[in-house]
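Engineer: Heads up: the sequence shown begins at 22 in our numbering, then just goes up one per residue. Ideal Cβ placement from N, Cα and C applies to all residues, glycine included. Take this structure, written in structure tokens, and hold onto it; I'll ask about it next.
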Amino acid sequence: MFSDTVVYGAAHVIYSSEFADALENRGGNFGGGVDICTVVDPLTPAEHDPIIRPLLAKIDKALGVPLADVFTAGGIVREDEQEDALGDLLMGVRGHGVSIHDSYDEAWERGCQACGVTADLPYDETTEYNDLAHEKLDAAGYPPEPAEGEDPDPSYEPIIATAFAWHGGQDTAMYAFASTREVQGEEHKAAILAEIARSIAWHNDHAEQGPGDVRKLNRLEAAVNAAVPGTRFFYC
Numbered sequence: 022m023f024s025d026t027v028v029y030g031a032a033h034v035i036y037s038s039e040f041a042d043a044l045e046n047r048g049g050n051f052g053g054g055v056d057i058c059t060v061v062d063p064l065t066p067a068e069h070d071p072i073i074r075p076l077l078a079k080i081d082k083a084l085g086v087p088l089a090d091v092f093t094a095g096g097i098v099r100e101d102e103q104e105d106a107l108g109d110l111l112m113g114v115r116g117h118g119v120s121i122h123d124s125y126d127e128a129w130e131r132g133c134q135a136c137g138v139t140a141d142l143p144y145d146e147t148t149e150y151n152d153l154a155h156e157k158l159d160a161a162g163y164p165p166e167p168a169e170g171e172d173p174d175p176s177y178e179p180i181i182a183t184a185f186a187w188h189g190g191q192d193t194a195m196y197a198f199a200s201t202r203e204v205q206g207e208e209h210k211a212a213i214l215a216e217i218a219r220s221i222a223w224h225n226d227h228a229e230q231g232p233g234d235v236r237k238l239n240r241l242e243a244a245v246n247a248a249v250p251g252t253r254f255f256y257c
């Protein structure tokens, strides 16, 4: 049996991916180079259990032996390895383009052989994590998904993504804000606003602008102005 640490850690990988998909469908994104698992707020065990436990039971039934036993027989025994491998496996059965064969092929094959496992992993088409992600976005005041055939408003972008896109380096106030998702004090706020003002001025001095960039920066400026130091932002 997998520990709760392994189960919820792997489940967070799935949820983070589906949260990012939901966010993108509604016009947002996390910006390039961001590890989404570190910035998506984790669900509670009570939110995970009705989704992840039946999925694991479904896989155990298809294999004919507990999946945890296959991991152990293959030499995937440390919790960090089990969490990583289980995340890959679950992403695969949910069609996210990742597979346990990517990083654990030999161990997986060894475990399957030792346990006499021949059944294919079942494909899972449930939508609970995606539905839950949309509920979180609704609660945060996100615009709804555009109608079929329509594109999201190009000026809409979560302010954290805007901050990641426009910071001037990892030693800047903007990067600190984007990374921690909070204004750390009045001096920090002033420094962020100064960076935003420079970005807006640059845009006003150049003819070429991305779709809605100035409006994105204006939204960021308004949010930082209204921010209470020490209060963590969601993604809107």
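Let me know the secondary structure DSSP gives L142 once reduced to three states.
Structural biologist: Coil, per DSSP.
Engineer: Measure the alpha-carbon distance for D101 versus G30 and round it to whole angstroms.
Structural biologist: If you take the alpha carbons of D101 and G30, they lie about 9 Å apart.
Engineer: Helix or strand or just coil, what does DSSP make of D56?
Structural biologist: D56 falls in the coil class under three-state DSSP.
Engineer: In the DSSP assignment, the alpha helix (DSSP H) including Q205 goes from what residue to what residue?
Structural biologist: Premise fails: Q205 is in no alpha helix (DSSP H) and is neither H nor E.
Engineer: At least one CB of chain D closer than 8 Å to the CB of K237: is that the case?
Structural biologist: The structure shown contains no chain D, having only a single protein chain.
Engineer: Is there contact here, the segment 196–214 with the segment 177–186, by at least three beta-carbon pairs under 8 Å?
Structural biologist: These segments touch.
Engineer: What would DSSP say about V61, mapped onto helix, strand or coil?
Structural biologist: V61 falls in the coil class under three-state DSSP.
Engineer: Between the segment 183–195 and the segment 211–223, do at least 3 Cβ pairs fall closer than 8 Å?
Structural biologist: These segments touch.
Engineer: Runs of 4 residues minimum, wholly inside the segment 68–129: which ones carry the alpha helix (DSSP H) assignment?
Structural biologist: Here the runs fully enclosed are 88–95, 100–114.
Engineer: So the alpha helix (DSSP H) S200 belongs to, where does it begin and stop?
Structural biologist: Residues 194–201.
Engineer: Confirm, please, whether the CB-CB distance from V138 to V86 is below 8 Å.
Structural biologist: Taking 8 Å as the Cβ cut-off, V86 and V138 qualify as a contacting pair.
Engineer: Considering only C-alpha positions, which residue in the set D226, Y144, A161 is nearest to K82?
Structural biologist: The option with the nearest alpha carbon to K82 is Y144.
Engineer: What's the gap between the Cα of L107 and the Cα of C136?
Structural biologist: Each residue's alpha carbon lies about 17 Å from the other.
Engineer: Can you tell me which of the three DSSP states H227 falls into?
Structural biologist: Correct three-state label for H227: coil.
Engineer: So what's Y29 in DSSP terms, helix, strand or just coil?
Structural biologist: Helix.
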